[in-house]
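Note that this note's numbering has the sequence shown beginning at 359, numbered continuously upward. For reference, the structure discussed in these notes is given below.
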Amino acid sequence: MVGYLNLILRLVIWFLLTANLSVANIIIGVSIALLLPGSPKSLGRLQDWLRALFEVIVAIPQAYIEAFEIILRPHTQEEVTLERVKPGRTPGLIFLDIFLITFTPKTIVLKYHEDGWYEVHRVRRRKKKA
359 MVGYLNLILR LVIWFLLTAN LSVANIIIGV SIALLLPGSP KSLGRLQDWL
409 RALFEVIVAI PQAYIEAFEI ILRPHTQEEV TLERVKPGRT PGLIFLDIFL
459 ITFTPKTIVL KYHEDGWYEV HRVRRRKKKA
């Protein structure tokens, strides 16, 4: 089942990159998705994939909310933090994590460190002094 999810992820990325749903492009995309080497040792659990897909669905309204917050109330503070990668993540799930972080307007992943950290840039509202 997870193999199918990896295949679907590759196809979605292909169609997003090419923005073309012609028959020839679909054949090329399926061929490339099947020919790309897989990693049989790092099969993700189906539960992890379902949780990641749910997080993608939740991230869409969150992105709109953050966009309106930035428009209505300026965010002038910036910070770069390190966030730990969840344990046991496959490369496909790491890609989805990076996509989720970058999808929202207030955050972007600057770098993925191979030792299990994301370098994340955030914008925040200025804290009011009391």
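Even for Gly, the Cβ is constructed at its ideal location relative to N, Cα and C. Since we're looking at a predicted model, the values are computed, not measured.
Beta-ladder partner(s) of residue i, from DSSP
{"i": "I466", "result": "H479"}
{"i": "T471", "result": "Strictly speaking, residue 471 in this sequence is His, with Thr absent from that position. DSSP lists W475 as partners of H471."}
Member of the options whose CA lies at the smallest distance from the CA of residue i
{"i": "A410", "options": "K485, L468 and T448", "result": "T448"}
{"i": "T465", "options": "R482, P432 and D473", "result": "R482"}
{"i": "L468", "options": "H479, V388, G474 and L404", "result": "H479"}
{"i": "I366", "options": "R442, F461, P419 and W407", "result": "W407"}
{"i": "H346", "options": "V416, K485, I452 and R484", "result": "Look at the range of the chain in this structure, 359 to 488, and you will see that residue 346 is not part of it."}
{"i": "Y362", "options": "A391, V381 and R484", "result": "A391"}
Sequence-distant residues of the same chain with beta carbon closer than 6 Å to residue i, five excluded per side
{"i": "F373", "result": "none"}
DSSP state of residue i mapped onto helix, strand, coil
{"i": "V438", "result": "strand"}
{"i": "N378", "result": "coil"}
{"i": "T448", "result": "coil"}
{"i": "R409", "result": "helix"}
{"i": "L394", "result": "coil"}
{"i": "P432", "result": "coil"}
Close beta carbons around residue i, own chain, < 7 Å, minus the five adjacent residues each side
{"i": "N383", "result": "T376"}
{"i": "Q420", "result": "T462"}
Beta-carbon proximity list for residue i, same chain, < 8 Å, skipping 5 on both sides
{"i": "L394", "result": "R368"}
{"i": "I428", "result": "P463, K464 and V481"}
{"i": "S400", "result": "A caution first: S400 carries a pLDDT of 47, below 50, which makes its placement in the model unreliable, though a value can still be read off. Excluding residues within five positions, the ones whose Cβ falls inside 8 Å are T448 and P449."}
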